[in-house]
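So for the sequence shown, this note's numbering puts the first residue at 210; every next one is plus one. All residues carry an ideal CB built from backbone N, CA and C; glycine is no exception. The structure under discussion appears below in the form of structure tokens.
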Amino acid sequence: MLTRSTQTMSMPTNSPSLGTITMRIDPHVCYALNDGADQIELLRATSNAALDMIALTGIGSIKSFDAIQRDYDKLILLEKAGILSAPDGVRLTLHRELRTRSTILPGFTATSSDGLLITALFPAETTTISIETILQHLGIDGTDGTTKTAAGVICALINAANGIAVAHPTSAGDVTLVKALIAAGQLHAIDRAIDGIDNICVLGGSGATDIESIGAGFSEVTLTAPTFEALRELVLAHNHTAIRFISTPVRRWALHQLLQATTDAHIIQMSEAKPADAAAHIAALANIGGGVLLVGSENGVVSGVKSKDKALSAILKAAESITPIPDLTTEAVAYDQATIIRVEVRGDTPPYITADGRVLVRHDLQTRVATPAELRLLCQPSRNDGADLDLPRSGVSIVSTQRRGGIWHYEVRDLRTTAGVTRDRAQGLWDYAIERHETLRDGSANLDEIKWHGQIGLWRAYIQGGRPKYDLVHRDSMGVIDHIFYGVSDWGLGTQWQHLIQTYAPQLAVDTVTFDEEAGTPAAAPTSTPVVTQSAQPPVMPAAHFPAFQGERRPRWRGRGAITRIWRDESQTPFFDLLLKTKAESTDDGSEIQEYHGVSRDQLNQAWLDLINVNKPRTGIEVVETVQDDQGDKRFIFRNLRNEEVSPHPWRMNDIEEGSIRQYAARMHLADQTFDEESIRWWGNIGYMRPMRRQVDLVYRDENGVDHIFYAARRDELIGEWHDLLAEYDDIVE
Numbered sequence: 210m211l212t213r214s215t216q217t218m219s220m221p222t223n224s225p226s227l228g229t230i231t232m233r234i235d236p237h238v239c240y241a242l243n244d245g246a247d248q249i250e251l252l253r254a255t256s257n258a259a260l261d262m263i264a265l266t267g268i269g270s271i272k273s274f275d276a277i278q279r280d281y282d283k284l285i286l287l288e289k290a291g292i293l294s295a296p297d298g299v300r301l302t303l304h305r306e307l308r309t310r311s312t313i314l315p316g317f318t319a320t321s322s323d324g325l326l327i328t329a330l331f332p333a334e335t336t337t338i339s340i341e342t343i344l345q346h347l348g349i350d351g352t353d354g355t356t357k358t359a360a361g362v363i364c365a366l367i368n369a370a371n372g373i374a375v376a377h378p379t380s381a382g383d384v385t386l387v388k389a390l391i392a393a394g395q396l397h398a399i400d401r402a403i404d405g406i407d408n409i410c411v412l413g414g415s416g417a418t419d420i421e422s423i424g425a426g427f428s429e430v431t432l433t434a435p436t437f438e439a440l441r442e443l444v445l446a447h448n449h450t451a452i453r454f455i456s457t458p459v460r461r462w463a464l465h466q467l468l469q470a471t472t473d474a475h476i477i478q479m480s481e482a483k484p485a486d487a488a489a490h491i492a493a494l495a496n497i498g499g500g501v502l503l504v505g506s507e508n509g510v511v512s513g514v515k516s517k518d519k520a521l522s523a524i525l526k527a528a529e530s531i532t533p534i535p536d537l538t539t540e541a542v543a544y545d546q547a548t549i550i551r552v553e554v555r556g557d558t559p560p561y562i563t564a565d566g567r568v569l570v571r572h573d574l575q576t577r578v579a580t581p582a583e584l585r586l587l588c589q590p591s592r593n594d595g596a597d598l599d600l601p602r603s604g605v606s607i608v609s610t611q612r613r614g615g616i617w618h619y620e621v622r623d624l625r626t627t628a629g630v631t632r633d634r635a636q637g638l639w640d641y642a643i644e645r646h647e648t649l650r651d652g653s654a655n656l657d658e659i660k661w662h663g664q665i666g667l668w669r670a671y672i673q674g675g676r677p678k679y680d681l682v683h684r685d686s687m688g689v690i691d692h693i694f695y696g697v698s699d700w701g702l703g704t705q706w707q708h709l710i711q712t713y714a715p716q717l718a719v720d721t722v723t724f725d726e727e728a729g730t731p732a733a734a735p736t737s738t739p740v741v742t743q744s745a746q747p748p749v750m751p752a753a754h755f756p757a758f759q760g761e762r763r764p765r766w767r768g769r770g771a772i773t774r775i776w777r778d779e780s781q782t783p784f785f786d787l788l789l790k791t792k793a794e795s796t797d798d799g800s801e802i803q804e805y806h807g808v809s810r811d812q813l814n815q816a817w818l819d820l821i822n823v824n825k826p827r828t829g830i831e832v833v834e835t836v837q838d839d840q841g842d843k844r845f846i847f848r849n850l851r852n853e854e855v856s857p858h859p860w861r862m863n864d865i866e867e868g869s870i871r872q873y874a875a876r877m878h879l880a881d882q883t884f885d886e887e888s889i890r891w892w893g894n895i896g897y898m899r900p901m902r903r904q905v906d907l908v909y910r911d912e913n914g915v916d917h918i919f920y921a922a923r924r925d926e927l928i929g930e931w932h933d934l935l936a937e938y939d940d941i942v943e
């Protein structure tokens with residue numbers, strides 16, 4: 210960490226947050242330690258999940274926290290008395306080691322008389338008896354956590370005990386109640402972001418009721434110190450920008466589900482990390498759009514790996530033998546007293562070829578060489594918008610159609626590609642998919658039924674076998690439907706697909722469909738004939754000349770401090786123009802504003818730097834670097850802001866798809882080498898330009914005075930300062 214020199218000006222206490230430490234916190238662990246349960250396993254699970262802090266918030270009880278604390282105190286007492294046995298000594302050592310990695314907070318979960326679920330978090334040093342006193346006052350006996358006390362009173366008791374109350378609203382009535390509690394100053398945190406509730410901290414957790422679920426969801430928090438007091442100070446200050454809730458669909462808490470998925474071609478189990486076998490499986494998974502390789506198990510039976518480091522090394526060596534090298538995420542997971550290596554494989558640029566020249570795919574749960582038809586599909590270029598399509602992991606897709614002898618033949622893709630399928634041969638989900646596809650061909654399909662969210666859409670929702678299924682679609686940047694997935698379940702769907710279904714499924718009529726189905730995974734294959742939607746969006750590539758756009762500069766405030774501008778002198782040294790409100794009687798609001806022009810960076814304390822440093826948006830694309838090849842052509846390296854992935858190789862302009870976001874970013878990047886600051890609407894050191902109906906180009910000038918431009922950022926996906934930037938200029942498009 211760099212040491213800043215002493216600042217020449219002081220900041221008031223309510224100035225920008227002094228957060229310097231990022232911590233991973235799971236504030237909602239409901240796991241109950243039963244009699245005889247091993248407290249060490251809970252501590253170890255917390256450490257394995259890389260959590261810095263957890264709160265044991267049992268339902269109307271603090272028994273789990275009390276059990277861990279009693280076990281630790283007993284071992285300490287035995288050690289002091291000199292009668293600590295060898296096994297107990299090992300146990301105490303583990304206690305101490307794990308406690309240095311993670312802080313355990315006491316707490317409880319209760320349901321108010323209003324029906325609102327509330328989680329209480331307290332400092333680690335809080336005594337058990339003080340929390341039990343609160344529970345007794347609420348009339349909670351540790352059974353179901355319900356009380357006849359109103360939510361406002363519960364929050365008041367928690368706040369009085371220097372705790373944090375976190376509400377879990379689940380209904381419209383809960384949301385109304387939460388708004389009232391916030392307005393009354395009684396509630397300062399909720400467990401998830403909710404439309405209409407702004408400027409409050411979202412402190413979400415896993416809600417774990419078993420060991421495997423700990424850390425399934427957690428909050429990444431920037432604090433001034435690794436303490437509960439710092440967390441509470443941040444929450445009370447409503448510094449919501451310093452907290453980010455993270456929940457991933459496949460983590461260690463779902464490993465047992467992966468182990469049971471023995472009929473899914475996208476999940477492979479192998480007992481040992483043999484490089485040759487691992488390379489074949491990784492290449493095959495990459496060629497079918499991605500999947501998960503579990504090393505240390507076979508047919509659901511866990512054997513574990515002997516050496517985690519050797520297994521990881523073998524897996525990475527196997528991946529490096531594949532051309533191109535696929536994108537992997539590896540994780541060593543503790544499970545049933547063994548260690549399993551989970552390898553998540555992504556396949557963005559097929560075909561992937563093994564060292565011996567083979568192109569492998571998955572067929573009938575086996576890894577085998579691709580057929581000529583499959584190889585053709587793998588080599589077929591995509592017509593997407595330049596961004597990666599997060600494919601569903603179930604359903605079927607019609608790859609191609611051909612009419613021979615007056616009969617239509619279909620190439621159907623689920624777990625495998627099957628060519629020459631006719632309507633009379635198709636059964637179950639295949640028959641359903643072909644029937645739906647034929648309505649597209651004969652023009653009877655009503656595409657106005659599709660509920661669009663950007664480039665993905667929900668066409669139909671129905672019940673099959675007692676489970677909800679969906680027909681999902683994707684369209685390219687020209688508004689052309691290029692992928693249709695029939696009979697998709699909600700398992701394994703990415704965040705965008707899940708948001709689409711949660712938003713629009715309630716608006717659709719839900720039918721019941723009866724047929725036998727074998728779940729599968731569609732390939733990233735285009736429809737045989739592109740279908741143009743009536744509500745097609747215009748191409749993402751804008752016109753050569755944008756409408757006149759008036760730039761402006763406004764200060765961006767946080768507390769009493771504001772950043773107005775960052776500029777560099779001839780030596781490229783950054784300087785800062787700042788504003789500071791001070792108490793005075795000369796203005797209507799009892800304050801006056803002092804201007805500080807040309808402040809050097811070494812004069813800034815951490816509070817000012819926290820104001821200046823803004824998180825990147827989660828949408829758009831950034832040109833990270835341009836290089837020149839041997840032929841003198843410029844090549845571009847991109848960063849996808851949605852997933853922070855950087856191009857594995859530089860792109861030539863001629864290789865970028867016409868009309869794609871990458872092409873737009875490359876062209877605008879060349880034009881922006883000498884962009885006019887006066888054409889940007891600045892809000893401190895962030896700004897925007899070239900506003901369009903659905904997207905906008907964002908500008909961020911960092912503490913070094915270096916500009917970062919985020920092209921084609923979607924308006925509806927902007928949050929935090931970036932959303933507030935557009936709101937500042939009244940440029941929110943409904």
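Three-state secondary structure (DSSP) of residue i
{"i": "Leu927", "result": "coil"}
{"i": "Asp691", "result": "strand"}
{"i": "Gly361", "result": "helix"}
{"i": "Gly324", "result": "coil"}
{"i": "Met901", "result": "coil"}
{"i": "Arg585", "result": "helix"}
{"i": "Glu937", "result": "helix"}
{"i": "Phe454", "result": "strand"}
{"i": "Thr563", "result": "coil"}
{"i": "Gln575", "result": "strand"}
{"i": "Pro950", "result": "What the structure shows of the chain is the stretch from 210 to 943, and residue 950 is not part of that stretch, so it cannot be assessed."}
Residue environment, residue i, which counts as buried when at least 16 other CB atoms sit within 10 Å
{"i": "Gly426", "result": "buried"}
{"i": "Glu831", "result": "buried"}
{"i": "Arg910", "result": "buried"}
{"i": "Glu514", "result": "Residue 514 is actually Val in this sequence, not Glu. Label assigned to Val514: buried."}
{"i": "Glu583", "result": "buried"}
{"i": "Pro535", "result": "buried"}
{"i": "Asp906", "result": "buried"}
{"i": "Asn408", "result": "exposed"}
{"i": "Asp565", "result": "exposed"}
{"i": "Thr576", "result": "buried"}
{"i": "Ile672", "result": "exposed"}
Pick from the options that is closest to residue i, judged by C-alpha positions
{"i": "Phe317", "options": "Glu288, Leu347, Ser311, Thr302", "result": "Leu347"}
{"i": "Ser869", "options": "Leu787, Tyr920, Ala547, Ile607", "result": "Tyr920"}
{"i": "Pro236", "options": "Glu250, Asp261, Ile230, Leu242", "result": "Asp261"}
{"i": "Ile865", "options": "Thr883, Asp881, Lys843", "result": "Lys843"}
{"i": "His806", "options": "Asn822, Ala771, Pro315", "result": "Ala771"}
{"i": "Asp383", "options": "Ile403, Gly394, Ala370", "result": "Ile403"}
{"i": "Thr358", "options": "Ala564, Glu341, Gln248, Leu325", "result": "Leu325"}
{"i": "Ala365", "options": "Ala264, Ser321, Ile338, Thr337", "result": "Ser321"}
{"i": "Glu481", "options": "Gly499, Thr576, Ala520", "result": "Ala520"}
{"i": "His708", "options": "His662, Trp892, Asp680", "result": "His662"}
{"i": "Gly896", "options": "Ala936, Glu804, Met862", "result": "Ala936"}
{"i": "Ile230", "options": "Ala258, Ala489, Val430", "result": "Val430"}
Short Cβ contact (8 Å threshold) for residue i with residue j
{"i": "Leu307", "j": "Arg233", "result": "no"}
{"i": "Arg310", "j": "Ser256", "result": "yes"}
{"i": "Leu386", "j": "Ala398", "result": "no"}
{"i": "Gln904", "j": "Arg923", "result": "yes"}
{"i": "Arg769", "j": "Leu789", "result": "yes"}
{"i": "Ala319", "j": "Ile391", "result": "no"}
{"i": "Leu813", "j": "Phe785", "result": "yes"}
{"i": "Pro826", "j": "Leu927", "result": "yes"}
{"i": "Ile550", "j": "Gly505", "result": "yes"}
{"i": "Ile497", "j": "Ala523", "result": "no"}
{"i": "Ile313", "j": "Leu344", "result": "no"}
{"i": "His646", "j": "Gln664", "result": "no"}
{"i": "Ile643", "j": "Tyr619", "result": "yes"}
Mind listing, in chain order, the continuous alpha helix (DSSP H) runs of no fewer than 4 residues lying wholly within the segment 227-309?
Within the segment 227-309, complete alpha helix (DSSP H) segments of at least 4 residues are found at 248-257, 272-290, given in chain order.
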